[in-house]
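> The structure is given below, and queries will be raised subsequently.
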Amino acid sequence: MYNSIPFDNINVTRDAMQTNLINLGSRITKHREQLQFTQKELAEFASLSVKTIRAIENGKEGVAIYNWMLVADILGLELVLNSKKMNDETRKSI
(Lines of atoms letter the chains of each structure in order from A and count residues from 1; the text may use other names and numbers.)
(Lines give C-alpha, C1' and ligand atoms only; values in the text may rest on other atoms or scores of the structure.)
Protein backbone atom coordinates (compact mmCIF):
# COMPACT_ATOMS: atom_id res chain seq x y z
CA MET A 1 0.00 0.00 0.00
CA TYR A 2 1.38 3.36 -1.03
CA ASN A 3 1.03 6.67 0.74
CA SER A 4 0.01 9.24 -1.83
CA ILE A 5 1.69 12.61 -2.36
CA PRO A 6 -0.71 14.64 -4.52
CA PHE A 7 0.45 17.37 -6.86
CA ASP A 8 -2.91 19.03 -7.43
CA ASN A 9 -2.10 22.44 -5.93
CA ILE A 10 1.17 23.15 -7.72
CA ASN A 11 1.70 26.70 -8.92
CA VAL A 12 3.65 27.46 -12.08
CA THR A 13 5.95 30.25 -10.94
CA ARG A 14 9.60 29.34 -10.43
CA ASP A 15 9.53 30.36 -6.75
CA ALA A 16 6.37 28.33 -6.17
CA MET A 17 7.88 25.32 -7.93
CA GLN A 18 10.97 25.55 -5.71
CA THR A 19 8.74 25.73 -2.65
CA ASN A 20 6.83 22.67 -3.86
CA LEU A 21 10.07 20.72 -4.35
CA ILE A 22 11.27 21.70 -0.87
CA ASN A 23 7.96 20.61 0.65
CA LEU A 24 8.02 17.33 -1.24
CA GLY A 25 11.62 16.68 -0.20
CA SER A 26 10.71 17.40 3.41
CA ARG A 27 7.90 14.86 3.29
CA ILE A 28 10.26 12.27 1.82
CA THR A 29 12.79 13.00 4.59
CA LYS A 30 10.16 12.59 7.31
CA HIS A 31 8.98 9.31 5.85
CA ARG A 32 12.56 8.00 5.53
CA GLU A 33 13.20 8.90 9.15
CA GLN A 34 9.97 7.21 10.27
CA LEU A 35 11.21 4.05 8.58
CA GLN A 36 14.56 4.51 10.35
CA PHE A 37 16.59 4.56 7.14
CA THR A 38 19.74 6.67 6.98
CA GLN A 39 20.47 8.64 3.82
CA LYS A 40 23.40 6.31 3.20
CA GLU A 41 21.23 3.19 3.50
CA LEU A 42 18.61 4.64 1.17
CA ALA A 43 21.30 5.66 -1.33
CA GLU A 44 22.80 2.17 -1.32
CA PHE A 45 19.43 0.48 -1.69
CA ALA A 46 18.50 2.80 -4.59
CA SER A 47 21.97 2.62 -6.20
CA LEU A 48 22.15 6.41 -5.97
CA SER A 49 24.71 8.66 -4.35
CA VAL A 50 24.12 10.19 -0.93
CA LYS A 51 24.47 13.53 -2.73
CA THR A 52 21.42 12.67 -4.87
CA ILE A 53 19.41 11.64 -1.80
CA ARG A 54 20.33 14.95 -0.14
CA ALA A 55 19.34 16.85 -3.29
CA ILE A 56 15.93 15.15 -3.30
CA GLU A 57 15.37 15.76 0.39
CA ASN A 58 16.40 19.41 0.02
CA GLY A 59 14.16 19.94 -3.01
CA LYS A 60 16.99 20.82 -5.36
CA GLU A 61 16.23 21.43 -9.03
CA GLY A 62 17.73 19.16 -11.64
CA VAL A 63 17.14 15.79 -9.99
CA ALA A 64 15.76 13.33 -12.54
CA ILE A 65 12.09 12.49 -12.01
CA TYR A 66 13.11 8.83 -12.22
CA ASN A 67 15.21 9.28 -9.07
CA TRP A 68 12.32 10.99 -7.23
CA MET A 69 10.03 8.12 -8.21
CA LEU A 70 12.61 5.46 -7.30
CA VAL A 71 13.16 6.90 -3.83
CA ALA A 72 9.42 7.31 -3.27
CA ASP A 73 8.80 3.72 -4.32
CA ILE A 74 11.50 2.35 -2.04
CA LEU A 75 9.98 4.27 0.86
CA GLY A 76 6.49 2.99 0.05
CA LEU A 77 5.33 6.34 -1.29
CA GLU A 78 3.67 7.13 -4.58
CA LEU A 79 4.00 10.39 -6.50
CA VAL A 80 0.60 11.24 -7.93
CA LEU A 81 -0.21 13.89 -10.52
CA ASN A 82 -3.70 15.31 -10.37
CA SER A 83 -5.29 17.72 -12.80
CA LYS A 84 -5.87 21.17 -11.45
CA LYS A 85 -8.37 23.70 -12.65
CA MET A 86 -6.85 26.34 -14.87
CA ASN A 87 -8.31 29.74 -15.44
CA ASP A 88 -8.33 31.16 -18.98
CA GLU A 89 -5.30 33.37 -18.32
CA THR A 90 -3.18 30.43 -17.18
CA ARG A 91 -4.34 28.32 -20.11
CA LYS A 92 -3.35 31.04 -22.60
CA SER A 93 0.11 31.39 -21.05
CA ILE A 94 0.96 27.73 -21.62
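Its first residue numbered 14, the sequence shown is counted upward by one per residue in this note's numbering. For every residue, glycine included, the Cβ atom is placed at its ideal position computed from N, Cα and C.
Are Ala59 and Leu88 close, meaning C-beta to C-beta below 7 Å?
In this structure, Leu88 does not lie closer than 7 Å to Ala59 by Cβ.
> If I follow the unbroken alpha helix (DSSP H) through Leu83, where does it start and stop?
Looking at the DSSP string, the run of the alpha helix (DSSP H) that includes Leu83 is 78-87.
> Kindly indicate which residue of Asn71, Lys98, Val76 has the alpha-carbon position closest to the one of Lys43.
Lys43 has its Cα closest to that of Asn71, out of Asn71, Lys98, Val76.
> Give the secondary structure of Leu61 by DSSP, where H, G and I count as helix, E and B as strand, and everything else as coil.
Coil, per DSSP.
> For Ile35, which residues in the same chain have their Cβ closer than 8 Å to its Cβ, ignoring the five residues on either side in sequence?
The answer, listed in chain order, is Asn71, Gly72.
> Thinking just about the alpha-carbon of each residue, which of Gln52, Glu74, Ser62 is nearest to the one in Asp28?
For Asp28, the nearest C-alpha among the options comes from Glu74.
> Can you find the residues in the same chain that come closer than 6 Å, C-beta to C-beta, to Ile23, ignoring five residues on each side of it along the sequence?
Note that Ile23 scores 49 on pLDDT, short of 50, meaning its location in the model is unreliable and no value can be drawn from it.
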